[in-house]
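Have a look at the structure below before the remarks.
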């Protein structure tokens, strides 16, 4: 049986972890590769690096990070942040990423998803959708860190990019991100039920019950969290045990 | 002993290369060469064929490199060189791929590759993530790998073997989905051993140890 995935996400700027885990035994806690190794050993199901200050000039640091991570962690790695072109996808895949995530570039030009999926296959193309509630049951996509409204309906956009070839949706609720109030369940469920591909729920996790809700009520195939793991509130093993106890199939390592 | 990892522009070979290098170093199995050079393939002692993306694109990718396919076929069919296909590289062992169009495979394991259709409509396609293996038949490449061990899958199409004796392991995803196949000197994994942590590394080590 397929297991529900727990995906820790590391925010990276200029090759350093911005918001990272407090594993005490790390030699260099700011090194994303050290953090990745710690999560690998802790039983994380995948890893996600998000380049939060991605610019053309500092792209090379992310390639180098992907390469070093792939040399040491034999588990799936998704990289996002500042991915704009098919060439960006190619470079990240060649550097060692297994999946690459588009965000605002897909909003500006959904066909870039089709071009990338045609070239490399849907299995490695993720589209990250950042959505805000604008009316009950209506969610709009915002770009530029949640500052810029687009007028685009999140559920419709999810359907569109999947039709273009996205193999997975990383869905973040901008209303909930950083609040620790739990996932936006109606949003998660609306998107997960609308598309045939896996949806990763993100934004708002504060407790282990929130992870459970994302799957049982939100219908997500995977849950992504940053701060609850980074700040040592919970371990990956605790999260998995809690979700398994709630009846969710988990890979217990 | 020389192992070639065939590079035909089908995606990320970096982690596969690193995983094979690590296990080859631990087992004293010699170099891992990432190449599309038919001469090197013809002389190899082990061949690994990865593959990401669509079956027809991978198949054409192999065929566009002059002499590569003939070198692979010659090595396997005439010299009996141990061969491991990964993901679409495994699917190409089949007689036929039915993704977008009908395309012939190597035909070393009889069967065809068709879209996954889980009985439970709520199950997503692609089948993406960790699933627990159910071992159907013992095989040297499965030494130390047991039913219940997890492997990492990402695929929308799967192989259906014509002869059940060729099925080494499967997983449950709204029905049985082929996970590992093997016949003569050829084996294939639908999952990515280079992404499957300990069980995956074990399989790679077993393949390098294998003397069929």
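Residue numbers (my numbering), protein chains in the order written: chain A, 625 to 877; chain B, 43 to 254.
In this text, a Cβ means the ideal position worked out from N, Cα and C, and glycines have one as well.
Report all residues from its chain with a CB closer than 7 Å to the CB of residue 869/A; omit the five preceding and five following residues, and keep chain order. none
What alpha helix (DSSP H) runs, 4 residues minimum, are completely inside the region 682-758 of chain A? 683-696, 710-719, 728-732 and 735-744
I think residue 732/A touches residue 701/A, with their Cβ atoms under 8 Å apart; what is that distance to the nearest whole Å? Not quite, the Cβ-Cβ distance comes to about 25 Å (not below 8 Å), so this is no contact.
Return yes when the Cβ of residue 757/A is within less than 8 Å of the Cβ of residue 799/A, no when it is not. yes
If you pair each beta-carbon of the region 165-184 of chain B with each one of the region 131-140 of chain B, do three or more pairs fall below 8 Å? no
At a CB-CB cut-off below 7 Å, which residues of chain B make contact with residue 792/A? 170
Since residue 195/B sits in a beta bridge, which residues does DSSP pair it with? 171/B
Compare the C-beta of residue 601/A with all C-beta atoms of chain B and state if any pair is closer than 8 Å. A question about residue 601/A goes unanswered here, because the residues of chain A that appear run from 625 up to 877.
For a cutoff of 8 Å on Cβ pairs, would you count residue 241/B as touching chain A? no
Neighbourhood of residue 56/B by C-beta, 7 Å cutoff - its chain only, sequence neighbours within 5 removed: Excluding residues up to 5 positions away in sequence, nothing lies with its Cβ nearer than 7 Å to the Cβ of residue 56/B in the same chain.
Beta strand (DSSP E) segments (min. 3 residues) lying fully within the region 817-865 of chain A: 823-826 and 846-849
Within the continuous beta strand (DSSP E) that includes residue 772/A, where are the two ends? 772-777
Selected residue, minimal CA-CA separation from residue 744/A, among 752/A, 714/A, 725/A and 735/A: 714/A
How long is the line joining the alpha carbons of residue 874/A and residue 158/B, rounded to whole angstroms? 22 Å
What are the boundary residues of the beta strand (DSSP E) that residue 632/A is part of? 629-637
Please state if the CB of residue 843/A and the CB of residue 812/A are separated by a distance shorter than 8 Å. yes
Quick one: give me the first and last residue of the alpha helix (DSSP H) that residue 56/B is part of. Run containing residue 56/B: 56-69, per the alpha helix (DSSP H) assignment.
Kindly list the residues whose CB is nearer than 8 Å to the CB of residue 62/B, restricted to its own chain and excluding five residues on each side of it in sequence; keep chain order. 45, 47, 74, 90, 236, 246 and 250
Cutoff 8 Å: residue 781/A Cβ touching any chain B Cβ: no
Inter-residue Cα distance where the pair is residue 876/A and residue 629/A: 11 Å
I'd like to know whether the C-beta of residue 142/B is nearer than 8 Å to at least one C-beta of chain A. By this cut-off, residue 142/B is not an interface position.
First through last residue of the alpha helix (DSSP H) which encompasses residue 103/B: Per DSSP, residue 103/B belongs to the alpha helix (DSSP H) from 97-105.
Starting from residue 237/B, find everything on chain A with Cβ-Cβ shorter than 8 Å and list it in chain order. 698, 699, 700 and 722
Taking the continuous alpha helix (DSSP H) assigned at residue 661/A, which residues delimit it? 656-666
Pairwise C-alpha distance: residue 676/A and residue 707/A: Approximately 11 Å between the Cα atoms of the pair.
Residue environment, residue 115/B, which counts as buried when at least 16 other CB atoms sit within 10 Å: exposed
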